[in-house]
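In our numbering, the protein residues as written are 257 to 804. C-beta atoms are modelled at their ideal positions from N, C-alpha and C, and glycine is treated no differently. Worksheet: the structure to be examined is printed underneath.
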């Protein structure tokens, strides 16, 4: 078929039938997103099959609720956005609890779902925009760490889910041109959304922000982003607006936050390379299939005497999506092939297929397989995890006595009796008894105005007992990630205003993270011996009391 014949055929194509009902897909999207949000609110809090990381989330939000400022009053290697959102959830509760995380997720969904629809609908057909938006909404409301089993329900590493939602939306914005001409008003709107996304990513987690900033450069080079002064000014204004809101709401300054990132980076070793290689290996089939589809599209373009330059640009953009996703995952934890931003890759290829010329069935099948491979496993596992949380709603509301935590802040924090995850220091189902032992120990000794620190991954006790949190040290301790034996806060800063120190007793064959306790006792042992004395030892804890 010659090019004039193709042009005539395209001109004769009828209008997109879906445009005859422009309300359909927005309504479908709204119903599905609202439904997911409703399930999230009704079923939460979910059972915590991997509990210890969740104590970090609660402790960070509790500190911020009480007026502490991340990177000023405590070190925070992860961006403060998720802790800030949970702290807002705590402020609507008379006695803060794990339910604050559910409120935070609902708030984040209300912010990001409209952004995803706005960006996607300007670039994609309505049905594709709906699928993209609902997929991201499911990411927000699922109590499962990416890369883990759907039965491992927990809010651990929630910041990674939030980061992927923001990053996938930004990739769509910067790598695909809007379908309609970019008027001045639209340029300003697009710039504001870009700056807002970058601002949220900056305060969510640094690796997502770095990849997002690089994506903006790629978009400018490829010409998918406008080189427009108003667009750029709007983006800068929105980014600074996010910074101002974070400063006014939580007191967070950019300089202190960057200093924390540099400090944490100095303690991280070579384990990130292993994570990078695993993510690359898990997602290599997606890359190879994408390359095959691109080659087929180029051959088709040449056969039909169509320009291949747009396809080559799309190939560069798709390559960036894959490479950046793997690099981002290397700074996360055990996500393997669950890299949500990869869903943008088949959407890029679908845009290339937009001209209404017959596309070979194999190419269409390849794109369909890419959609299934990038979104299917994540959506399937997330649906199962959300379904499990909903099915366990009654169990969490009335758990067996052995799984209750005897503290006001942890009243709805339930670990299933069958949870076998090897979390910090104990098998997961034994954590409630361990925490209850620590709570009872502190109730025997600590006063209501006393401060408590832990020689452990996280500190659950200040939040659990509504005690004033200590200041100075990092929010969480993880050797090789937030500190090591040579890079760590000095002892006076970490324990200077602490009245009591809790040290977990390690049990052979149970739990993980013993190396963190060992490293902390080596680093701070001399200071603790000089300023604290042993007050009591129980089956699970050693309590140290300040002497001077």
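CB contact flag (residue i, residue j, <8 Å)
i, j, result
"residue 482", "residue 443", "yes"
"residue 812", "residue 681", "Given that the chain is displayed from residue 257 to residue 804, the structure contains no residue 812 and the question cannot be resolved."
"residue 792", "residue 697", "yes"
"residue 327", "residue 513", "yes"
"residue 741", "residue 695", "no"
"residue 591", "residue 431", "no"
"residue 451", "residue 421", "no"
"residue 313", "residue 418", "no"
"residue 616", "residue 552", "yes"
"residue 447", "residue 499", "no"
"residue 454", "residue 425", "no"
"residue 354", "residue 301", "yes"
"residue 635", "residue 601", "no"
"residue 564", "residue 467", "no"
Backbone CA spacing between residue i and residue j [nearest angstrom]
i, j, result
"residue 554", "residue 604", "15 Å"
"residue 795", "residue 637", "38 Å"
"residue 725", "residue 683", "27 Å"
"residue 415", "residue 479", "31 Å"
"residue 558", "residue 595", "33 Å"
"residue 627", "residue 709", "47 Å"
"residue 720", "residue 391", "35 Å"
"residue 394", "residue 309", "21 Å"
"residue 378", "residue 427", "14 Å"
"residue 271", "residue 560", "Residue placement at residue 271 is flagged as unreliable, the pLDDT there being 42, under the threshold of 50; a coordinate-derived value is accordingly withheld."
"residue 324", "residue 508", "10 Å"
"residue 750", "residue 707", "12 Å"
"residue 303", "residue 409", "6 Å"
"residue 762", "residue 519", "28 Å"
"residue 295", "residue 734", "34 Å"
"residue 289", "residue 360", "16 Å"
"residue 608", "residue 549", "11 Å"
"residue 388", "residue 439", "25 Å"
"residue 577", "residue 292", "27 Å"
"residue 368", "residue 621", "31 Å"
"residue 517", "residue 276", "51 Å"
"residue 631", "residue 598", "8 Å"
"residue 375", "residue 429", "6 Å"
"residue 732", "residue 625", "41 Å"
"residue 279", "residue 365", "21 Å"
"residue 380", "residue 747", "55 Å"
"residue 647", "residue 299", "8 Å"
"residue 287", "residue 640", "20 Å"
"residue 789", "residue 783", "11 Å"
"residue 798", "residue 546", "55 Å"
"residue 774", "residue 714", "15 Å"
"residue 804", "residue 755", "10 Å"
As assigned by DSSP and simplified to three states, the class of residue i
i, result
"residue 763", "coil"
"residue 268", "The predicted position of residue 268 is uncertain, since its pLDDT is 38 and thus under 50; no value can be drawn from it."
"residue 741", "coil"
"residue 205", "Because the chain in this structure spans residues 257 to 804, residue 205 falls outside the shown range and cannot be described."
"residue 676", "coil"
"residue 774", "helix"
"residue 289", "helix"
"residue 298", "helix"
"residue 434", "coil"
"residue 758", "strand"
"residue 326", "strand"
"residue 789", "strand"
"residue 725", "coil"
"residue 710", "strand"
"residue 560", "coil"
"residue 798", "strand"
"residue 591", "coil"
"residue 682", "strand"
"residue 261", "In this predicted model, residue 261 has a pLDDT of only 43, less than 50, meaning its place in the structure is not dependable; the value taken from the coordinates is given anyway. Residue 261: helix per DSSP, three-state reduction."
"residue 769", "coil"
"residue 730", "strand"
"residue 825", "Nothing can be reported for residue 825, as the shown portion of the chain is limited to 257 through 804."
"residue 224", "An answer regarding residue 224 cannot be provided, because it is not within the stretch 257 to 804 covered by the chain."
Closer than 8 Å to chain C by CB, residue i
i, result
"residue 369", "Included in the structure is just one protein chain, with no chain C present."
Residue i CB to nearest heavy atom of the ligand SAH below 7 Å
i, result
"residue 445", "As far as ligands go, the structure on display features none, and thus does not contain the ligand SAH."
Are the segment 329-336 and the segment 445-464 touching by the rule of at least three beta carbon pairs closer than 8 Å? yes
Runs of beta strand (DSSP E) wholly within the segment 352-422 (minimum 3 residues, chain order): none
Meets three-Cβ-pair contact criterion under 8 Å: the segment 339-348 and the segment 310-319: yes
Are the segment 687-701 and the segment 648-661 touching, with three or more C-beta to C-beta distances below 8 Å? yes
Inside the segment 612-671 only - alpha helix (DSSP H) runs reaching at least 4 residues: 617-647, 649-653
Would you check if the segment 532-550 and the segment 577-588 touch, i.e. whether three or more CB-CB distances between them fall below 8 Å? yes
Could you tell me which whole alpha helix (DSSP H) segments of length 4 or greater appear in the segment 464-534? 485-506, 510-521
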